[in-house]
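All remarks here apply to the structure that follows.
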Amino acid sequence: RAIMAGCSRSGLSTFLLSPGVDTGPLLMQKEIEIGPDETGGQLHDRMMHAGAQLLRATMDGLDAGTLAGQPQAQRDGLRRAPKLGPRTRRLDFSRPVQSLHDRIRALAPAPGAQCQFRGRRLQILATRRTDETVPQGCLPGELVLLANGGLAIVCGDGLLECLLLKPEGKGPQEASAWLNGARPLPGERLLPVE
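Here the sequence shown stands for residues 156 to 349, numbered as in this note's numbering.
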């Protein structure tokens, strides 16, 4: 969720259990920087390793008696993060480029952000921002060929270059391979999944 929200950092905490949800005394914390193109899968793997190290340091501190729990700040209105459901995976290309880039990388490699092309589901697994301008008269979701031969999608405020896609029933494909197989016509668009 941190990547999807556009955050540049996340974190790990160890704490003692108490009857409430996430209310026990904090023992240790570690801040984790999120790279501008880092995916949810990459962040997960880095946090898994950092979490193991933090847990080991916490256990060592508890064994040595050097850790004293600090009360967690109690904030009204805090809620659990909602589960990732089908609507979370849905891409709406009328949204800004950065918002779509963050959603796509947050959901990569799984469960994957998705749209549809010619009535079939299409996952978009990797993108990057581009400074090329949107051709006149293009609509959100429209596919555009870039000067470098790459594939871009028209978004609410610019173009998003598509690097890796996964058509329904197939494995991941680089954009060039997908273009060769799909052969989109001028003006064809990627649409939200219904």
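Beta carbons: idealized from backbone N, C-alpha and C, even for Gly. Owing to the predicted nature of the structure, the values given are computational and were not obtained by experimental measurement.
Inset, instruction - Grab the span of the alpha helix (DSSP H) containing residue 203 for me, first residue to last. - result: In this chain, the alpha helix (DSSP H) harbouring residue 203 covers 195-219.
Inset, instruction - Tell whether a beta-carbon distance below 8 Å holds between residue 209 and residue 216. - result: The answer is no: Cβ separation not under 8 Å.
Inset, instruction - Note down, one range per segment and in chain order, each alpha helix (DSSP H) of at least 4 residues found wholly within the region 245-306. - result: Runs found: 252-261.
Legend entry - DSSP beta-bridge partners of residue 183: Answer by DSSP bridge pairing, in chain order: 169.
Legend entry - Reference residue 236, options 160, 317, 190 and 329, closest by Cα: Ranked by how close their Cα comes to the Cα of residue 236, the residues 160, 317, 190 and 329 have 160 in first place.
Legend entry - C-beta atoms of residue 279 and residue 310 nearer than 8 Å: The Cβ atoms of residue 279 and residue 310 lie no closer than 8 Å to each other.
Inset, instruction - Compute the distance between the beta-carbons of residue 263 and residue 213, then report whether it is under 8 Å. - result: No, Cβ-Cβ distance for residue 263 and residue 213 is not below 8 Å.
Inset, instruction - Just grab the DSSP bridge partners of residue 326 for me. - result: When beta bridges are read from the DSSP output, residue 326 appears opposite no residue.
Legend entry - Beta-carbon proximity of residue 312 to residue 226, cut-off 8 Å: Against a cut-off of 8 Å, the Cβ pair of residue 226 and residue 312 comes out as no contact.
Inset, instruction - Would you list the one or two residues that DSSP bridges to residue 225? - result: According to DSSP, which records beta bridges pairwise, residue 225 is partnered with 181.
Inset, instruction - To the nearest angstrom, report how far apart residue 270 and residue 322 are at their CA atoms. - result: So the two alpha carbons sit approximately 10 Å from each other.
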